[in-house]
Amino acid sequence: MKDISILIGGKAGDGIKGAGQIIARLLNRLGYWIFLYDEYPSLVKGGHNFNVIRGSDQKIRAHKKDLDIIVALNQETAEKHKDDLKSGGLILYDSDEADVEGLCIPFSSIVKEMGGIPIMRNTAAIGALAKSLDIEWSVVAKLIAEAMEKQTDLNLKIAQKGYEKVKMPHVPLTRLEKDPQPLLTGNQAIALGAVQGGLNMYIAYPMTPSSGILHFLAAHEDELGIITIQPENEIAVALIALGGAYAGARTMVGTSGGGFALMTEAVSLAGEAEIPVVFVESQRAGASTGVPTYTAQGDLLFVLHAGHGEFLKLVLAPGDVEEAFQLTALALKLAWKYQTPAFILSDKHLSESTFSFDSGIGAEASIEPLLWDGKGEYRRYEDKDDGISPLAFPGNPKAVVKVSSNEHTYMGFTTEDPDMVERIQSKRLRKRQALIEELAEHEQVKVYGNNDSKIVAICWGSTKGACLEAAEELGIKMVQPVVIEPFPVEPLNQALSGAEKIINVEVNATGQLGKILSSHGINIDHNILRFDARPFTVDSLVGQIQEALS
Amino acid sequence: MTKINELKTDAAVTWCPGCTNFAIMAALQQVLLELEEEQVLERNNVVLASGIGCHAKIVDYVKVNSFHAIHGRVPPTISGIKLANPELTVIGHAGDGDAYGEGLSHLVFAAKRNLDVNFIVHNNRVYALTTGQFTPTSPAGFTGPSTPRGSLEEPLNPLELMLCAGATFVARGLSTNMKHLGGLLKSALKHRGFSFIDVLQPCVSFFDDREVYKKLTYELAEENHDPADWPKAMARAGEWRYGQGERIPLGIFYQVKRPTFEERVLGPKILVRTKPKDIGPVLAKRI
Chain A
1 MKDISILIGG KAGDGIKGAG QIIARLLNRL GYWIFLYDEY PSLVKGGHNF
51 NVIRGSDQKI RAHKKDLDII VALNQETAEK HKDDLKSGGL ILYDSDEADV
101 EGLCIPFSSI VKEMGGIPIM RNTAAIGALA KSLDIEWSVV AKLIAEAMEK
151 QTDLNLKIAQ KGYEKVKMPH VPLTRLEKDP QPLLTGNQAI ALGAVQGGLN
201 MYIAYPMTPS SGILHFLAAH EDELGIITIQ PENEIAVALI ALGGAYAGAR
251 TMVGTSGGGF ALMTEAVSLA GEAEIPVVFV ESQRAGASTG VPTYTAQGDL
301 LFVLHAGHGE FLKLVLAPGD VEEAFQLTAL ALKLAWKYQT PAFILSDKHL
351 SESTFSFDSG IGAEASIEPL LWDGKGEYRR YEDKDDGISP LAFPGNPKAV
401 VKVSSNEHTY MGFTTEDPDM VERIQSKRLR KRQALIEELA EHEQVKVYGN
451 NDSKIVAICW GSTKGACLEA AEELGIKMVQ PVVIEPFPVE PLNQALSGAE
501 KIINVEVNAT GQLGKILSSH GINIDHNILR FDARPFTVDS LVGQIQEALS
Chain B
551 MTKINELKTD AAVTWCPGCT NFAIMAALQQ VLLELEEEQV LERNNVVLAS
601 GIGCHAKIVD YVKVNSFHAI HGRVPPTISG IKLANPELTV IGHAGDGDAY
651 GEGLSHLVFA AKRNLDVNFI VHNNRVYALT TGQFTPTSPA GFTGPSTPRG
701 SLEEPLNPLE LMLCAGATFV ARGLSTNMKH LGGLLKSALK HRGFSFIDVL
751 QPCVSFFDDR EVYKKLTYEL AEENHDPADW PKAMARAGEW RYGQGERIPL
801 GIFYQVKRPT FEERVLGPKI LVRTKPKDIG PVLAKRI
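Note that the protein sequences, when read in sequence, are chains A and B. When you line the first sequence up against this note's numbering, it's residues 1 to 550, in that order. When you line the second sequence up against this note's numbering, it's residues 551 to 837, in that order.
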């Protein structure tokens, strides 16, 4: 297996994120599958930012702790990560800023000499790294010309100078046969999945780590044929989405745990009034403000139980960009088909990591929901066997469309009549059975690794990447439910049949998936829980599973 | 009278006998019919929305499209409706607790954005459906079950607030003066932009100040008020502070033309008739 891990680090404001993306694209163009992990503190200038860019000849969804190359724009980067450098690995550093053992290149002096500004040190670093990897200059030059729209010529000169300063390649990289793939963050995959699912309007209030969806969609409004709105707070976000959906537009909102807490009254309204809206909850380390730019899977039970009262929900938990794309398209489709709120559970690690996107996977086409046939008097909450009342929208000359947060009659008028209250609640809840039957046609539970193994690692969401690779390395089975509600009990029992040891792997402190499993009679033998606000790496998780098994 | 019946539903009306919400509803129904006649609007394009409280029941009783939403959230609800389909005539109803308490931030931003929607506050200055607590516009000293020794807060002046927030149509009506109120509603519905009407709506059960309003109100139109003059509008709005002041002006305080939010956001696009485009070209740029 060809596999390389490169870390680039510096202070916030050094352009680490931009440099990380360019390094990832370089490896992508050489035919490597990419995973990029982006870690940064909650500040604008200073602190310690780093990206780990991993390239492989296999599809990957996680990074490793052990590194082949460290590119250090400051002393702190070298100090913090040098223990993770493999023997024979390389540290490339700015000799004007740091003093470590490794290959010294005077990035700052190069920039100064060429008349650049300090942030262009990262361009010099990219040039030096490319030469160390034995990448042809023409490949580097083409990418820089495409990716750096401002000061292109100056950046090219600085990169070339950095390239020339490295006398000989240190970790030569073989070019692979695979064609380059689009590189997407989880947030971008969610955004494109939504567009694929028919999105008209995305509404959000800024909140890390979900803001990437808003930024991406806002930047591509015209190309994608959608609009984005940033209102005064998350409560308004959710209600604009509901108002829009009532009028017939497909809407989605995105936030993190704190913002989602504010949306819960609207979640309940969407359930009661049967209004289809997709909520994206990208989790970060909590409770409360928590560790705002870092990851966790601590909101599973919160999302599952969000909103007062009893109503139908669809909760989906993608683990990589392909799933983020497909499941978001599916969420839009099913929200509209079953006229109920649907949820995409992401987290910092999925939302803000960059993956090679397998664009050949395809996705659910958007569908027309069940529309009213125009016969007789329209009743918004018409009773039907499967509970799904035909939709009409305001503006229809034959229909008066009345929706309500109050318990209501089939017509949509407020009611307190005990018989009606019970009948309309039963109608709404009947949709669950139809939804369960439709979901049964989808792959609700994924199985990877060694299918014959009696040892099973189970995980959900972004933990998939590290867990899948660790399972393959250890020769055990890996099981990942992507549908959380309605909980796919049968497919899970099938996936777990014959298991003698089940290890539950989650990035939270209390084992929330484990709790759900046990409520369905599936008992966990071991919990591997990480709650230091960091995701699992492949190598660290291998060690922890081995420990659990010994 | 038969025409009015077309706009009535068969839902049982549960307002108190003598409730002044009946007058607001009748004025609205009459104006909808007149504007339909004048071809200003189409009935099937009318959408009412309401929050929570006595006012909110209005959506059950008027036979047009409606969204009975939740407390305080009428402004974002109607914003979503209008953005999805700008051809709709959207009328939000809210109570004073709704508009000025629970959902105040939404109201300020709705005015700031200037969506072409209408917002009618049934301001009875009391939480009636929850049996008489003080609201943001109750006078200081108001006694209710939560303030047995009298409210300790000065009332908010929503007209000044809306004028400062950038509302392009700011008016005050009185529910017991139906003819005048009908005129205001008509002007509001014709106004392109955010139309705000604070309707003083005496509550016959918990805050019956019909006599006070009868005595103190006057019509701005009779005193040559220029609704294009913002400082004068502010001065008129300050004449009565929902408890203090000798004269209560009714009518249009301020009206100005500004581009609407939906024009700026959507251009000619109508979302409910738009399908998003192929994602291929955007994906290709990510290589």
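Here a beta-carbon is modelled for each residue, glycine too, at the ideal position from N, C-alpha and C. Remember, it's a predicted structure, so these values are computed and weren't measured experimentally.
- Using a Cβ distance threshold of 8 Å, I458/A and V505/A count as a contacting pair.
- By the rule that beta-carbons nearer than 8 Å mark a contact, I747/B does not touch chain A.
- The beta carbon of S138/A sits no closer than 8 Å to any beta carbon of chain B.
- For M263/A, there is no enclosing beta strand (DSSP E); the residue is part of the alpha helix (DSSP H) that begins and ends at 257-273.
- A direct Cα-to-Cα measurement between L350/A and E79/A gives close to 27 Å.
- At least one C-beta of chain A is nearer than 8 Å to the C-beta of V614/B.
- Residue contact with chain B for G186/A: absent (no Cβ-Cβ distance below 8 Å to any residue of chain B).
- The contact set of D610/B on chain A, defined by CB atoms closer than 7 Å, consists of F413, T414 in chain order.
- For a Cβ distance threshold of 9 Å, nothing in chain B lies close to P118/A: the least Cβ distance comes to about 28 Å.
- Here the C-alpha atom of A98/A lies approximately 11 Å from the C-alpha atom of S108/A.
- Taking 8 Å as the upper bound for CB-CB distance, K131/A and P169/A are in contact here, some 7 Å apart.
- Only those residues of the region 796-818 of chain B whose C-beta falls short of 8 Å from the nearest C-beta of chain A are listed: V815, L816.
- Counting along the chain, no beta strand (DSSP E) covers L557/B, and no H or E run does either.
- Sequence-ordered contacts of the region 653-664 of chain B with chain A read S655, H656, F659 [C-beta pairs closer than 7 Å].
- For E710/B, none of the residues of chain A pass the 9 Å Cβ criterion, the least Cβ distance being about 20 Å.
- In the structure shown, R823/B adopts helical secondary structure according to DSSP, grouped into three states.
- Checking the DSSP bridge columns, you'll see T228/A partnered with Y202/A.
- In the structure shown, the three-state DSSP call for N155/A is helix.
- A distance below 6 Å between beta-carbons, with the five flanking residues on each side excluded, links F260/A to the following residues of its chain, in chain order: E281.
- Within chain A, no residue has its beta carbon less than 7 Å from that of L713/B; the closest one is some 19 Å off.
- A distance below 6 Å between beta-carbons, with the five flanking residues on each side excluded, links L300/A to the following residues of its chain, in chain order: Q512.
- Among the CB atoms of chain A, one or more fall inside 8 Å of the CB of F617/B.
- Any Cβ of chain B closer than 8 Å to the Cβ of H220/A would place that residue at the interface, and such an atom is present.
- Between L709/B and V720/B, the gap from beta carbon to beta carbon is short of 8 Å.
- Within chain A, the residues placing a beta-carbon under 8 Å from that of N635/B are A247, G248, A249, F393, P394, G395, ordered along the chain.
- DSSP places R54/A inside the beta strand (DSSP E), whose first and last residues are 46-56.
- At a cut-off of 8 Å between beta carbons, S282/A makes no contact with chain B.
- Note on geometry: alpha-carbon atoms of G723/B and K384/A lie some 45 Å from one another.
- Taking G55/A as reference, the option from I516/A, R121/A, L316/A, F355/A with the minimal CA-CA separation is F355/A.
- Contacts with chain A at 8 Å (Cβ-Cβ) do not include G651/B.
- Approximately 3 Å separates the beta-carbon atoms of R61/A and G465/A; this is inside 8 Å, confirming the contact.
- Contact between L90/A and A125/A is ruled out by a C-beta separation of about 13 Å, above the 8 Å threshold.
- Residue contact with chain B for S56/A: absent (no Cβ-Cβ distance below 8 Å to any residue of chain B).
- A236/A is positioned such that its CB atom lies no closer than 8 Å to that of I275/A.
- Using a Cβ distance threshold of 8 Å, P625/B and H656/B count as a contacting pair.
- Put simply, the CB of N51/A is far from chain B, with every gap to its CB atoms at 8 Å or more.
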